[in-house]
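Asks:
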Amino acid sequence: MISVESLKVEFGVTPLFENVSFVINKKDRIALVGKNGAGKSTMLKILAGLQHPTAGVVAVQRGITIGYLPQVMILSDTRTVRAEAEMAFEHIFEMQDRLAKMNQELADRTDYDSESYHELIDRFTHENERFLMMGGTNYKAEIERTLVGLGFNRSDFDRPTSEFSGGWRMRIELAKLLLRHPDVLLLDEPTNHLDIESIQWLENFLKMEPGAVVLVSHDRAFINNVTNRTIEISCGHIYDYKVPYDQFVVLRKERREQQLRAYENQQKEIKDTEEFIERFRYKATKAVQVQSRIKQLEKIVPIEIDEEDTSALRLKFPPAIRSGNYPVICENLKKAYGDHVVFHDVNLTIHRGEKVAFVGKNGEGKSTLVKCIMDEIPFEGKLTIGHNVQIGYFAQNQAQLLDENLTVFDTIDQVAKGDIRLKIRDILGAFMFGGEASDKKVKVLSGGERSRLAMIKLLLEPVNLLILDEPTNHLDMRSKDVLKDAIREFDGTAIVVSHDREFLDGLVTKVYEFGGGLVKEHIGGIYDFLQKKNMENLNELQLSSSFSKPKEKEEKEPASEGKLSYEAQKELNRKIRKLEKQIESLENSIGDMEEQVAQLEARMATPEGASDMKLYEAHQVLKKQIAEAETEWENLSLEHEELRMKN
1 MISVESLKVE
11 FGVTPLFENV
21 SFVINKKDRI
31 ALVGKNGAGK
41 STMLKILAGL
51 QHPTAGVVAV
61 QRGITIGYLP
71 QVMILSDTRT
81 VRAEAEMAFE
91 HIFEMQDRLA
101 KMNQELADRT
111 DYDSESYHEL
121 IDRFTHENER
131 FLMMGGTNYK
141 AEIERTLVGL
151 GFNRSDFDRP
161 TSEFSGGWRM
171 RIELAKLLLR
181 HPDVLLLDEP
191 TNHLDIESIQ
201 WLENFLKMEP
211 GAVVLVSHDR
221 AFINNVTNRT
231 IEISCGHIYD
241 YKVPYDQFVV
251 LRKERREQQL
261 RAYENQQKEI
271 KDTEEFIERF
281 RYKATKAVQV
291 QSRIKQLEKI
301 VPIEIDEEDT
311 SALRLKFPPA
321 IRSGNYPVIC
331 ENLKKAYGDH
341 VVFHDVNLTI
351 HRGEKVAFVG
361 KNGEGKSTLV
371 KCIMDEIPFE
381 GKLTIGHNVQ
391 IGYFAQNQAQ
401 LLDENLTVFD
411 TIDQVAKGDI
421 RLKIRDILGA
431 FMFGGEASDK
441 KVKVLSGGER
451 SRLAMIKLLL
461 EPVNLLILDE
471 PTNHLDMRSK
481 DVLKDAIREF
491 DGTAIVVSHD
501 REFLDGLVTK
511 VYEFGGGLVK
521 EHIGGIYDFL
531 QKKNMENLNE
541 LQLSSSFSKP
551 KEKEEKEPAS
561 EGKLSYEAQK
571 ELNRKIRKLE
581 KQIESLENSI
591 GDMEEQVAQL
601 EARMATPEGA
611 SDMKLYEAHQ
621 VLKKQIAEAE
631 TEWENLSLEH
641 EELRMKN
């Protein structure tokens, strides 16, 4: 489908990669891997035709369509979610117009026996068959399936895209791309803005796609579940393995051991040759042999070893002053944007030294609560930052806030103070910005390199409360492991907003779940939380497995603390679902009534409306109904929260 031959890309003196050749076949599921800055995103752009190589050829088979999802894109804000998704079917709408015109022409013409009329019938029949094959009659159902699969509610479909966060808008772009069903899908970090459920849906979708997939991802589980081939970019070359990622890791280790042995043998050969030349350089009787050895030395091509060894890459947060016992306390915290309540009645206490995770779907308020803690936005309720707390904040867009015109060295030099300025080169080297890399401009760095640079800036300030909002989005697997070790050893407090299960595993001891306007505390690690959530979501499975236990373990314990009987659990879940529907219905009603009030007030502000008593009476009735509905909403919300605490 796509053939790459003798590809070479240069940025400056050193080629990013050269003499690269490979073929993408139908049904290939390729994981494109390599350290940050190796050229993964560049390779995808070249395959997509958005960037031209310095040399080499990329040949795309005739008629093959390519879909490309970049890490960052400019998004449109002029349409609703549904209308934006429908942009994927522009070709369907164009075909509809052509069919309508042909149909009208067939109806208007009367030369039924002419050759051109029969040609028009044949053309119409052929186009109509193509239209039906391309799903022209069921595209709306496909849009709904895809949007729901990526986490949207049906109530979101008619909302303008401008109301959604960047992560949700990226999902819309992903939906458009998937709905086009291109022959080759090129995905650059598609899971960065997805929650666990949506990642699993995308895995299943990609497995069913008939075309080829080339993806860059740092999510181990995702690429193992989706791919059957791994292409690694290393030292400017590629290594093509016809195996999934886990098997590739084993084979790569074997390859590197072979490289090391060959390198050591070559170094010994070079050393022996140099010693011979030095020993006999000035002896006339050995002149011929010396010249032969010099030529032999010049012909040696140095063996390169994959840049795999990260033993020198060690990240450590500097020690900071001791904070108070409770760095963050939230009491009845609420945040709303107009009628939309992001969360309410948030009560949580984070103890000094704790490592906690904020998890939940995009748009449920994780980053919003972080902004409240940072005092960047107003809120209702009480939020107390403890004594002597010094916050270090890594935002999702931190890497984009860097000055693109500065070099890597100057970026750090501007924030470094005191003796640390003498160690800038060492620090940059530890983060794989050694040598010429420290003189690169920020604008030529990859997403992962920018994230590493932003992380270095954070490291230079002594803090005792780390708040990291999706810190691993653009980090490669090795960098993620290093960061995880550093946070684990950090002697302060850490709040980590992340959807990366492997990163959070073994790091956090408490999980705060965001959803439905509430923040629920779960004691334990991330897999304790996931196991509990799986039981809650698959209650029937949980209950059926409990029935298979030995009889002596099936004693009735309906009143024991922390346990509910089958019937009690079932009834509790039923009540919770009923309350959630009532709360949602009330929220919709309140929203409708507030809209009616706004319309009435607009009419009352006109000269004609100012004297219309019926408008004032209707206004009073609506205000009273809103007050009653809000009271009912508060009571139901409290009841809902109490039941969830029992669950």
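The sequence shown runs 1 to 647 under the working numbering.
For glycine and all other residues, C-beta sits at the position ideal for the given N, C-alpha and C.
In this text, all values refer to a predicted model and were calculated from it rather than measured experimentally.
Taking Cβ positions, are Val519 and Val359 nearer each other than 7 Å?
Replies: no
Asks: What is the DSSP secondary structure of Asn347, reduced to helix, strand or coil?
Replies: strand
Asks: Would you call the CB atoms of Lys366 and Phe222 closer than 7 Å?
Replies: no
Asks: By alpha-carbon positions, which one of Ile30, Val58, Leu32, Gly149 ends up nearest to Ile196?
Replies: Gly149
Asks: Enumerated in chain order, which unbroken segments of the alpha helix (DSSP H) with a length of 4 residues or greater are wholly contained in the region 181-228?
Replies: 196-208, 220-226
Asks: Let's test the definition: count the other Cβ atoms within 10 Å of the Cβ of His640 and tell me whether it reaches 16, buried, or not, exposed.
Replies: buried
Asks: Taking C-beta to C-beta, are Pro182 and Ile66 nearer than 7 Å?
Replies: yes
Asks: How far does the beta strand (DSSP E) with Thr384 in it extend, from its first residue to its last?
Replies: Boundaries of the beta strand (DSSP E) harbouring Thr384: 380-385, taken from the DSSP string.
Asks: Arg82: which of Arg145, Phe157, Gln51 sits nearest, CA to CA?
Replies: Phe157
Asks: Give a yes or no on contact between the region 460-474 and the region 381-395, applying the rule of three or more CB pairs nearer than 8 Å.
Replies: The answer is yes - the region 381-395 touches the region 460-474, with three or more Cβ pairs under 8 Å.
Asks: Rounded to whole angstroms, what is the Cα-Cα separation between Ile294 and Glu502?
Replies: 52 Å
Asks: Rounded to whole angstroms, what is the Cα-Cα separation between Asn224 and Asp246?
Replies: 7 Å
Asks: If you reduce the DSSP assignment to three classes, tell me which class Thr54 lands in.
Replies: coil
Asks: Using a Cβ-Cβ cut-off of 7 Å (strictly less than) and excluding sequence neighbours within five positions of Glu5, which residues of its own chain qualify?
Replies: Ser21, Gly56, Val57
Asks: How would you label Met613, buried or exposed, when you count the other beta carbons within 10 angstroms and need 16 or more for buried?
Replies: exposed
Asks: Per the contact definition of three or more C-beta pairs closer than 8 Å, is the region 423-437 in contact with the region 449-460?
Replies: Under the Cβ criterion (8 Å, minimum of three pairs), the region 449-460 counts as touching the region 423-437.
Asks: Under the three-state reduction of DSSP, which class applies to Arg109: helix, strand or coil?
Replies: Secondary structure at Arg109: coil, using DSSP grouped into helix, strand and coil.
Asks: Under a Cβ-count criterion, where at least 16 other Cβ atoms within 10 Å of its own Cβ denotes burial, should Gly151 be classed as buried or exposed?
Replies: buried
Asks: With 16 as the cutoff for other CB atoms within 10 Å, does Asn192 come out buried or exposed?
Replies: Residue environment analysis places Asn192 among the buried positions, since at least 16 neighbouring C-beta atoms fall within 10 angstroms of its C-beta.
Asks: According to DSSP, is Leu475 helix, strand or coil?
Replies: Three-state result, Leu475: coil.
Asks: Taking DSSP as the reference, what is the three-state secondary structure of Asn138?
Replies: coil
Asks: Indicate whether Gly34 and Ile172 have their beta-carbon atoms separated by less than 7 Å.
Replies: no
Asks: Just tell me which of Asn103, Thr230, Asp481, Tyr616 has its CA closest to the CA of Gly506.
Replies: Asp481
Asks: Whole angstroms are fine: how far does the CA of Phe131 sit from the CA of Phe89?
Replies: 11 Å
Asks: Quick check on Pro471: buried or exposed, where buried means 16 or more other Cβ atoms within 10 Å of its Cβ?
Replies: buried
Asks: Please list, in chain order, all residues of the same chain as Arg98 whose beta carbon is under 7 Å from its beta carbon, the five residues on each side excluded.
Replies: Glu127
Asks: To the nearest angstrom, report how far apart Glu555 and Leu194 are at their CA atoms.
Replies: With a pLDDT of 38 at Glu555, under the threshold of 50, the predicted position of this residue should be treated as unreliable, and no value is reported.
Asks: Taking the beta strand (DSSP E) that Asn265 belongs to, which residues open and close that run?
Replies: Counting along the chain, Asn265 falls outside any beta strand (DSSP E), though it belongs to the alpha helix (DSSP H) covering 245-280.
Asks: Evaluate Ile2 with the Cβ neighbour count: other Cβ atoms within 10 Å of its Cβ, from every protein chain shown; 16 or more gives buried, anything less gives exposed.
Replies: buried
Asks: Straight-line CA distance for Asp219 to Asp500?
Replies: 7 Å
Asks: Decide if the region 321-336 is in contact with the region 346-359; the criterion is three or more beta carbon pairs, one per stretch, under 8 Å apart.
Replies: yes
Asks: Using alpha carbons as the reference points, say which of Leu185, Gly525, Gln596, Gly363 lies closest to His340.
Replies: For the residues Leu185, Gly525, Gln596, Gly363, the minimum Cα distance to His340 belongs to Gly363.
Asks: Nearest-angstrom Cα distance between Val442 and Arg281?
Replies: 49 Å
Asks: By a C-beta neighbour count over all protein chains shown, 10 Å radius and 16 as the cutoff for buried, is Asp108 buried or exposed?
Replies: exposed
Asks: Hey, could you find the ends of the alpha helix (DSSP H) Glu86 is sitting in?
Replies: 81-86
Asks: Going by the CB atoms, is the gap between Lys371 and Ala494 shorter than 7 Å?
Replies: With contacts defined by Cβ atoms closer than 7 Å, Ala494 and Lys371 do not form a contacting pair.
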